[in-house]
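Chemist: In this note's numbering, the protein residues as written are 9 to 1007.
One structure, pasted below without further comment.
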């Protein structure tokens, strides 16, 4: 510690009581002396856009008094000369859980005990334990010095802290990273309301999926509105009261990734809210959608490690998307800045806080301006919590939160000190604590050569040389910049010692006093020899390469087989093909089809094309309508929630446009699919009908425009939890399943009547998302696809539907459909079945491969579905099995995967056949479409080629080259000292009806 440091510490020791809270008892004599300092001759970064060179900043009583270029020192202020140093406002982290208790991860099931169906909180709080709007971080805050010290060391002085627990997480507090009582560290007790799609610590059964979290949050907004309008007169819900109160605060949303941001934005739009989102560092992958939100984002700099790809097998198994993200993640902040998205920067999601400044500097090298970087660390987060009048800049009257750095913080500057509310926290000694090097030691009038060596700054060896071959016996001890040095006066064994004591200055030089061998006082100094900086061409080249590191392109979607160009619509003429129309015209030989503006424009022979038309020779090939999979679970982040009636959850909230199975199924001729909820409950979630638009990055762009809404129901073993003996959730029998339906539809009819009969007088009926979806079924506004196997249950559901005057649209799986096909036809139900799956569980033992043909013979509209990501790649072959097993005509067989599923999904007016005016969703096959040798050469949707064999070959070559480039780059990074992690091959888990997990 140097003299200046000792003086400051002594001065502060008598002044720190200034911040002692007035209401606390003082054990001693009150001291009213203020913390009054003048930092002079510094480069002061007043704000991101304003900097003063050779300026001073004066602080008093924990506030900034002035900033000026005169360097005048007010009377009574202690001067701290910081010449050559930079001063910035301390950073602000807008997303933190500092000082919060640990949140234990919730669950909802165990093989050893039954589920917790209802709330586990006996107090007057919300019915769902994931809604914690009544939680206030201010009530829980307890400072932790070890964490605070870490944050101070990387420049942070303030944080917005909250308890990250549940879907609605309550309020945050604005706190500092100083030392003292919570009363002194807390700047504001409520600065924001927080939300997330997360179960948190809840042990309650529902929800367990992202779509369930979305539904719960939506229902909570509606419940809060109803409660405020008068519902509070019926019962007390302290959580809803807090939820309503919190709406006046800034609204923060914790997102796991960019898809979370986009689904949360739909909730925000529905309820006219503006969220500030916590991002995931992957926003660059869909910057257009992020920009269009018009919202601010809190961005982590959690850059991934390079992978250990020395082993070629590991390199082959490494995820292509992970490799791309490793390279592109540091560009994220620059991409956001260029797109003019407002953002702050957080330490959240960063495994090692010590990597923070390194990662910020890497972002600056990748194009982020220093001005934008500083704003993201200071003024922007201050703005988020309405604290701009107190924090974020070094202006008069604001809180004295500032950092002193050795140089430009965004280049190579070290943080030396962090002052919080005018209180000094030393991060690093100003002399750098690294004294290794050569010195000219002058003791009185005599000069020596002092050499300090060592592997690390903490482990050094000191020796004094008279010449190249003669060394004097030397002993040295240094602590906080204070040096005690003694050495022999000559080389003799009996030589007396010269003893020196002194201090290091800011430049690492020493000076002080000592005694010679006669005991006389003397002056001494040790001046460090300076070495000229490297200016070699090699050094210049290395520096240039490090700041202009070229990176690969963003691909759409961000996965294997993504492209740097999104497919675009074209005018396409397919000539001389065999066209399977699925219309009265049947199969047309040597026929042309023109697709224009996304629609089938002409069908005929020798059609003419203009210069802009893409012409595809179909000679010897077959053109069909695109395959439609009526029952699919691809392109989803989750498939099941667990409420008995999960009608409030929506599959469109969890669409994953990056799922490589989209591309694989395009290669099998699939153009559309219904994404269904699983079969964990009698009433599942609302389905999503999509088009397989590979390359679209926003889930909303996958949706089939104008498609009518559907919903998943389920019967059988999955619903009654046959494989879970500890479960006590109703229903547990097939009779109980019927009771659930009757109860649900009865309540839905009453709900619908109450809503329609409300005349505006008094309190409106509560909006219930669960019953609303069931009421839509009764009103023929939403249609059922029902997972089914056993004939008795199929009959049961048709009877229930008859009782409530609606039709079951589709029985899916329906492996005993051949037994009740006549009744299905009379009811008006369609069937979507497997070609030849049987005996995989008890309730399918009586399945037969003639099922599809037998149902069709009774007038039932029959489709063949996959319910499996792999099978969907060959649905044309699955349809062909009915030709083999039952002698079904080939055209009828093809219709089971094209026109018939279109009819079942009520989209046959747009797709399913080749007809003028319908969408240009077609497949050009290399062979007969029911042949095992047929390959999809082109798959088109809305006149856009989303798959072609030629493009696929190009993509494979490009991926191979890109993978090789990234492998080399990762190996080079490791060679240069970057840490690497082992490759963990990612299993692409294929979702099925019975798949259940916590998202």
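We put the CB at the ideal spot given by N, CA and C, even for glycine.
Does DSSP put residue 425 in a helix, in a strand, or in coil?
Modeler: DSSP places residue 425 in strand when its eight states are reduced to three.
Chemist: Between residue 874 and residue 685, which are expected to be in contact by the criterion C-beta below 8 angstroms, what is the C-beta distance as a whole number of angstroms?
Modeler: 16 angstroms between Cβ atoms; not a contact.
Chemist: Can you tell me which of the three DSSP states residue 407 falls into?
Modeler: Here residue 407 sits in strand by DSSP.
Chemist: Starting from the Cα of residue 73, find the closest Cα among 581, 836 and 398 and give me that residue.
Modeler: Among 581, 836 and 398, the Cα nearest to that of residue 73 is on 398.
Chemist: Starting from residue 666, follow its DSSP beta bridges and name the residues at the other end.
Modeler: Paired residues: none, contrary to the question.
Chemist: Straight-line CA distance for residue 442 to residue 46?
Modeler: When rounded, the distance between both Cα atoms is 28 angstroms.
Chemist: Which residues mark the beginning and the end of the beta strand (DSSP E) in which residue 944 is found?
Modeler: That run of the beta strand (DSSP E) goes 944-949.
Chemist: Below 6 angstroms CB to CB, which residues in the same chain sit around residue 935 once its five sequence neighbours on both sides are set aside?
Modeler: Excluding positions up to five away in sequence, the list reads 941 and 942.
Chemist: Nearest by alpha-carbon distance to residue 883: which of 892, 871 and 893 is it?
Modeler: Considering only alpha carbons, the answer is 871.
Chemist: Is it buried or exposed for residue 880, if we count other Cβ within 10 angstroms and need 16 for buried?
Modeler: The residue in question, residue 880, is buried, as its Cβ has 16 or more Cβ neighbours within 10 Å.
Chemist: Between the Cα of residue 137 and those of 148, 177 and 287, spot the shortest distance and give me the residue it belongs to.
Modeler: Checked all of 148, 177 and 287; the closest Cα to residue 137 is 177.
Chemist: How far does the beta strand (DSSP E) with residue 296 in it reach, from first residue to last?
Modeler: Looking at the DSSP string, residue 296 is not in any beta strand (DSSP E); the run it does join, the alpha helix (DSSP H), is 295-301.
Chemist: Pop quiz: residue 588 and residue 308 are said to be a contact at Cβ under 8 angstroms. What is the actual Cβ separation, rounded to whole angstroms?
Modeler: That belief does not hold up - the Cβ atoms of residue 588 and residue 308 are roughly 52 angstroms apart, past 8 angstroms.
Chemist: What's the call for residue 335, buried or exposed, on a 16-neighbour Cβ count within 10 Å?
Modeler: When all chains shown are included, residue 335 counts as buried.
Chemist: Quick one: what's got a C-beta closer than 8 angstroms to residue 806's C-beta in the same chain, skipping five residues either side?
Modeler: For residue 806, where only same-chain residues beyond five positions count, the Cβ hits under 8 angstroms are 816, 831, 832, 835 and 837.
Chemist: Are residue 179 and residue 165 closer than 7 angstroms when you measure CB to CB?
Modeler: No, the pair does not count as a contact, with Cβ atoms beyond the cut-off.
Chemist: Would you grab the beta carbon distance between residue 4 and residue 171 for me? Rounded to a whole angstrom, and I think it's under 8 angstroms.
Modeler: The shown model of the chain, from 9 to 1007, leaves out residue 4, and the question about it has no answer.
Chemist: Can you grab the Cα-Cα spacing for the pair residue 344 / residue 210, in whole Å?
Modeler: Approximately 35 angstroms between the Cα atoms of the pair.
Chemist: Nearest by alpha-carbon distance to residue 710: which of 728, 721 and 680 is it?
Modeler: Per the Cα distances, 680.
Chemist: Under the three-state reduction of DSSP, which class applies to residue 445: helix, strand or coil?
Modeler: Residue state, collapsed to three classes: strand.
Chemist: Do residue 329 and residue 566 have their CB atoms nearer than 7 angstroms?
Modeler: Yes. Within cutoff.
Chemist: Excluding the 5 residues flanking residue 945 on each side, which residues of the same chain have their C-beta closer than 6 angstroms to its C-beta?
Modeler: Once the five neighbours on either side are set aside, the close Cβ partners of residue 945 are 932, 934 and 957.
Chemist: Rounded to the nearest angstrom, what separates residue 68 and residue 538 at their Cα positions?
Modeler: Approximately 39 angstroms between the Cα atoms of the pair.
Chemist: What's the gap between the Cα of residue 235 and the Cα of residue 650?
Modeler: Going from the Cα of residue 235 to the Cα of residue 650 covers about 26 angstroms.
Chemist: Count the other CB atoms within 10 Å of the CB of residue 892; is the residue buried (16 or more) or exposed (fewer)?
Modeler: The residue in question, residue 892, is exposed, as its Cβ has fewer than 16 Cβ neighbours within 10 Å.
Chemist: Let's see if you can read the secondary structure: which residues bound the alpha helix (DSSP H) around residue 252?
Modeler: Element bounds for residue 252: 246-254.
Chemist: In terms of DSSP beta bridges, what is residue 457 paired with?
Modeler: BP columns for residue 457 point to 448 and 473.
Chemist: Taking the CB atoms as reference points, tell me whether residue 682 and residue 913 lie closer together than 7 angstroms.
Modeler: Yes. Within cutoff.
Chemist: Taking residue 447 as the reference, which of 54, 802, 535 and 299 has the closest Cα?
Modeler: Selected option, being the one with the closest Cα: 535.
Chemist: Exposed or buried, which one is residue 251 when buried takes at least 16 other CB atoms within 10 Å?
Modeler: Flag for residue 251 reads buried.
Chemist: What does the alpha-carbon distance come out to for the pair residue 845 and residue 862?
Modeler: Rounded to the nearest angstrom, the two C-alpha atoms are 16 angstroms apart.
Chemist: According to the neighbour-count rule (16 or more other Cβ atoms, all chains shown, within 10 Å of its Cβ), is residue 43 buried or exposed?
Modeler: Looking at its Cβ environment, which holds 16 or more other Cβ atoms inside 10 Å, residue 43 is buried.
Chemist: State the start and end residues of the unbroken beta strand (DSSP E) segment that holds residue 506.
Modeler: Element bounds for residue 506: 505-512.
Chemist: Please return the same chain residues whose Cβ sits closer than 7 angstroms to the Cβ of residue 14, not counting the five positions on each side in sequence.
Modeler: Its pLDDT being 42, under 50, residue 14 is placed unreliably by the model, and the measurement read from it follows with that caveat. Nothing listed; no residue qualifies.
Chemist: State the beta-bridge partners of residue 794 as determined by DSSP.
Modeler: According to DSSP, residue 794 bridges with 721 and 819.
Chemist: Please confirm whether residue 823 and residue 655 have their CB atoms less than 7 angstroms apart.
Modeler: Their beta carbons are not under 7 angstroms apart, which means residue 823 does not touch residue 655 by this criterion.
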